[in-house]
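Asker: The listed protein sequences derive, respectively, from chains G and W.
Quick note: our numbering has the first sequence finishing at residue 286, numbered continuously throughout.
Quick note: our numbering has the second sequence finishing at residue 286, numbered continuously throughout.
Please see the structure below; I have some questions.
Number of protein chains: 2
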Amino acid sequence: MINIVILGGGNVAYHLTNALLQNNAVNVVQVYNRNLENIKCFKKSTLVTDNLSKLKEADIYILAVSDNAIAQLSSTLNLKNKLVVHTSGSMAMDELKSISNKGVFYMLQTFSKERKIDFSSVPVCIEAETEKDLMLLETLATSISKNCYLINSNQRKSLHVAAVFVNNFVNHLYHIGNEICEENNVPFEILLPLIQETANKITTLTPFKAQTGPAIRNDTKTIEKHKAILTKNQQEIYTLLTKSICNTYEEKL
Amino acid sequence: MINIVILGGGNVAYHLTNALLQNNAVNVVQVYNRNLENIKCFKKSTLVTDNLSKLKEADIYILAVSDNAIAQLSSTLNLKNKLVVHTSGSMAMDELKSISNKGVFYMLQTFSKERKIDFSSVPVCIEAETEKDLMLLETLATSISKNCYLINSNQRKSLHVAAVFVNNFVNHLYHIGNEICEENNVPFEILLPLIQETANKITTLTPFKAQTGPAIRNDTKTIEKHKAILTKNQQEIYTLLTKSICNTYEEKL
């Protein structure tokens, strides 16, 4: 049984705590947050505290806090011979300033309080200083997910950037699609099957091979017609992405 | 029973012919293409021809050809009192130059020969000149899909642009994500659950509400760190989309 203390009150902390409370291989000893309001929902299932000097004994302390809080919070922890990990995609392991052993437990998923997450398919990227700690993190990771990866700080940094493209930026393109629909009185729901198929397609084809549309065909007639009905901001994005697609296939085909 | 002739040998013609051949409400009388090679696979199931003067009698002639071929091909058809439709998202109905009745049968999906399509969820956007033809197209549409929409040429044009954003451009962002992974020796498959969840999330939240990431938080520290490891082209796209996200939420929050 792995004993765990979770520190944080945001979306990642919330979903992770929920998942670990339901996990028989793990004992959530305590949840800490600087204000109790965000974690009071766990009161019935475990100990909660807003006092760092009252942290309980555990094997792993998981800092599921914002990037900017990692250095400061970890520096105040006086936990010798314990493993302290953060959950950030963009921060290196040595951002942790505790005297403890260090590690990373990065769950590559988008977390919103409103959406329930199936952890079994969430990739967990782990990193640690020692083989022993790595094995401990692997045991924890595989107890909640079937996808566990050993990823060092540099690799994780690039994964995090790639995630911004395929998640944050993709969602913004969905938003622009929605905007265009609203401006023209077309229900956005018509696009949902296409959005699904676009995401499914790349499980069997590379994105390079899955590309379709006027840009890859260099269909300048359609491209000009499209631009004519867009707002300035939409036009700018349309032009840049079209250029990027053209360049990609010009070079490589 | 609706009698149909399909004209075309591309991806849309291929998938539509396959779907209609399996459909009991429809009789595929004939498939035409200017070269027989692309349609010889249908030889066992229906008549095939490369001779326009030998088109059979039917209720609907579906031109599933490239945008640029619609005007020319339709102008050579001598089909009085028949319904001739095209399947293009970006072309107006009056792009059809036949003496026949005109209509549009636009299936909003991305078609690749390698991927089997479940037509039952493909949205079909129909348009026609007369109420009678509209009903005929509606009967055809609902026989293959549960999603049929009446969409005029202007609405369809904007839908088509929106589809470029949520499909073609989104796929290109997947490609860039893949590129970043390859450059840094990280398996792209780690990103697939995130990609899926991003597409699923907007079935219950608007894309506006689903947005996360450094841009919406205006987290300039992370943004600068990200840019530092990108190529020039990737940087340009990162900068523009980040700016667009910032502007979207500055104005509206």
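Beta carbons: idealized from backbone N, C-alpha and C, even for Gly.
No experiment lies behind these values; they were computed from the predicted model shown.
1. Compare the C-beta of G/C279 with all C-beta atoms of chain W and state if any pair is closer than 8 Å.
2. List the residues of chain W that G/Q244 touches, going by C-beta distances under 8 Å, in chain order.
3. Along the chain, where does the alpha helix (DSSP H) containing W/M168 start, and where does it finish?
4. Please report the residue range of the beta strand (DSSP E) in which G/A161 lies.
5. Residues of the region 165 to 193 of chain G in Cβ contact with chain W at a cutoff of 9 Å, in chain order, please.
6. Compare the beta carbon distance of G/A91 and G/V62 with 8 Å and say whether it is the shorter of the two.
7. Taking 8 Å as the cut-off, decide whether the C-beta atoms of W/I202 and G/L274 are in contact.
8. If the cut is a Cβ gap below 8 Å, which residues of chain W does G/N84 touch?
9. Based on the DSSP secondary-structure assignment, which residues constitute the bridge partners of W/F138?
10. Between the Cα of W/I159 and the Cα atoms of W/S186, W/I150, W/T143, which residue gives the shortest distance?
11. Would you kindly check if the distance between the Cβ of W/Y65 and the Cβ of W/T50 is under 8 Å?
12. Should G/T264 be flagged as near chain W, meaning a C-beta pair shorter than 8 Å?
13. Between the region 213 to 223 of chain G and the region 165 to 175 of chain W, do at least 3 Cβ pairs fall closer than 8 Å?
14. Is the region 262 to 269 of chain G touching the region 108 to 125 of chain W, taking contact as three or more C-beta pairs under 8 Å?
15. I'd like the span of the alpha helix (DSSP H) that includes W/L54, first residue to last.
16. Can you give, in chain order, each stretch of the beta strand (DSSP E) that sits fully within the region 44 to 114 of chain G and has at least 3 residues?
17. From which residue to which residue does the beta strand (DSSP E) around G/N36 run?
18. Identify the residues that DSSP records as bridge partners of G/V118: which are they?
19. So who's on the other strand from W/L183, going by DSSP bridges?
20. Anything in chain G within Cβ reach of W/I159, meaning under 8 Å, just list it in chain order.
21. Where does the unbroken alpha helix (DSSP H) through G/F29 begin, and where does it stop?
22. Can you tell me whether W/M126 is helix, strand or coil according to DSSP?
23. With DSSP as the reference, label W/F241 as helix, strand or coil.
24. Between which two residues does the alpha helix (DSSP H) holding W/E222 run?
25. Secondary structure at W/L274, three-state DSSP: helix, strand or coil?
26. Closest Cβ-Cβ distance between W/E257 and chain G: below 8 Å?
27. Please decide whether W/I118 counts as near chain G, where near means a Cβ-Cβ distance under 8 Å.
28. With a threshold of 8 Å between beta carbons, is G/L54 in contact with chain W?
Answerer: By the coordinates alone:
1. no
2. N201, N204, H205, H208
3. 164 to 177
4. 157 to 161
5. N180, Y182, I184, N187, Q188, R189, K190, S191, L192, H193
6. yes
7. The identity of residue 202 of chain W in the sequence shown is Phe, whereas the question assumes Ile. Against a cut-off of 8 Å, the Cβ pair of G/L274 and W/F202 comes out as a contact.
8. Those do not exist, as G/N84 stays about 28 Å from chain W at its closest Cβ, beyond 8 Å.
9. W/I159
10. W/S186
11. no
12. no
13. no
14. no
15. 44 to 54
16. 59 to 65, 80 to 82, 93 to 96
17. 35 to 40
18. G/I95, G/G136
19. W/I159
20. Residues of chain G passing the Cβ test: none, with the nearest at roughly 12 Å.
21. Past the edges of chain G, shown from 34 to 286, lies residue 29 of chain G, and the structure says nothing about it.
22. helix
23. helix
24. Neither: W/E222 is in no alpha helix (DSSP H) and is coded neither H nor E.
25. helix
26. no
27. It is worth fixing the name first, because residue 118 of chain W is Val in this sequence and not Ile. For W/V118, the answer is no, since every Cβ of chain G falls outside 8 Å of its Cβ.
28. no
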